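What follows is a short report on a single structure.
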Amino acid sequence: MCNRCFDNIGGRILADQPTIFVLNGPNLNLLGTREPEIYGTDTLDDIAGRLDDHARAAGACIDFRQSNHEGHLIDWLHEAQAVGAKAVLLNAAGFTHTSVAILDAIKAITVPVFEVHLSDPHKRESFRHLSYVGMAAKAVFAGHGAKSYELALDVVLQL
Ligand code: DQA
26 MCNRCFDNIG GRILADQPTI FVLNGPNLNL LGTREPEIYG TDTLDDIAGR LDDHARAAGA
86 CIDFRQSNHE GHLIDWLHEA QAVGAKAVLL NAAGFTHTSV AILDAIKAIT VPVFEVHLSD
146 PHKRESFRHL SYVGMAAKAV FAGHGAKSYE LALDVVLQL
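If you want our numbering, it's the position in the sequence shown, counting the first as 1, plus 25.
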């Protein structure tokens with residue numbers, strides 16, 4: 026997390042530093058070794074580091090998180106709204122295809138949420154073709170490996 030974006034007392038985002046939440050769901054902590062033929066060999070830390078550099082160069086901050094628990098992702102979507110984040114990049118991983126609760130959380134906030142995937146779920150098993158996240162996301166960036174995150178960030182930085 027980029028602490029310089031937050032004040033020390035209220036945890037509010039400082040006005041001149043737009044913060045972008047990057048939220049990652051289950052099993053993405055294993056990137057680097059997890060099915061590298063599908064997801065590549067970059068670790069989540071590699072991706073976070075590149076996004077952070079990119080955002081800082083543009084005068085923005087990245088708050089990068091991962092959890093294997095659905096409720097954490099929901100709490101963090103609410104938090105994005107509470108602290109006034111500029112946008113959320115969300116790779117909900119397997120929850121993308123199952124979670125009405127995450128869809129409801131995205132609909133419950135006004136912060137724009139962008140769906141991100143390393144792989145292209147539409148070119149994979151049919152159960153991955155349904156995306157609850159996509160029903161409320163502003164746009165989808167998928168199929169470019171770790172670059173999907175950077176493409177999404179480029180768009181968000183121009184908002
Ligand atoms: C994924 C695609 C999902 O279908 C899968 O469950 C994941 C990763 C991706 O980034 O390609 O865990 O979100």
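We put the beta carbon where it would ideally sit given N, CA and C, even for glycine. Here the structure is a predicted model, which is why all the values come from computation and not from measurement.
Asked, Found
"Count the C-beta pairs between the region 94-104 and the region 67-78 that are closer than 8 angstroms, then say yes if the count reaches three, no if not.", "no"
"Going by C-alpha to C-alpha distance, which of 46, 95, 162, 161 sits closest to residue 52?", "95"
"According to DSSP, is residue 88 helix, strand or coil?", "strand"
"Take the Cβ of residue 63 as the centre, count every other Cβ of all protein chains shown within 10 Å, and call the residue buried at 16 or more, exposed below.", "exposed"
"For residue 43 and residue 113, what's the separation of their Cα atoms in angstroms?", "11 angstroms"
"Pick out whichever of 130, 121, 163 has its Cα sitting closest to the Cα of residue 145.", "121"
"Among 115, 108, 72, which one has its Cα closest to the Cα of residue 181?", "115"
"So, helix, strand or coil for residue 169, using DSSP?", "coil"
"Can you determine whether any heavy atom of the ligand DQA sits closer than 7 angstroms to the C-beta of residue 143, and answer yes or no?", "yes"
"Expressed to the nearest angstrom, what Euclidean distance is found between the alpha-carbon atoms of residue 56 and residue 143?", "10 angstroms"
"Mark residue 110 as exposed unless 16 or more other C-beta atoms lie within 10 angstroms of its C-beta, in which case mark it buried.", "buried"
"Does any C-beta atom of chain B lie closer than 8 angstroms to the C-beta of residue 85?", "Protein chains in the displayed structure number just one, and chain B is not present."
"Which residue marks the beginning of the beta strand (DSSP E) containing residue 45, and which one marks its end?", "44-49"
"For residue 150, which three-state DSSP category applies?", "coil"
"I need the DSSP call for residue 107, collapsed to helix, strand or coil.", "helix"
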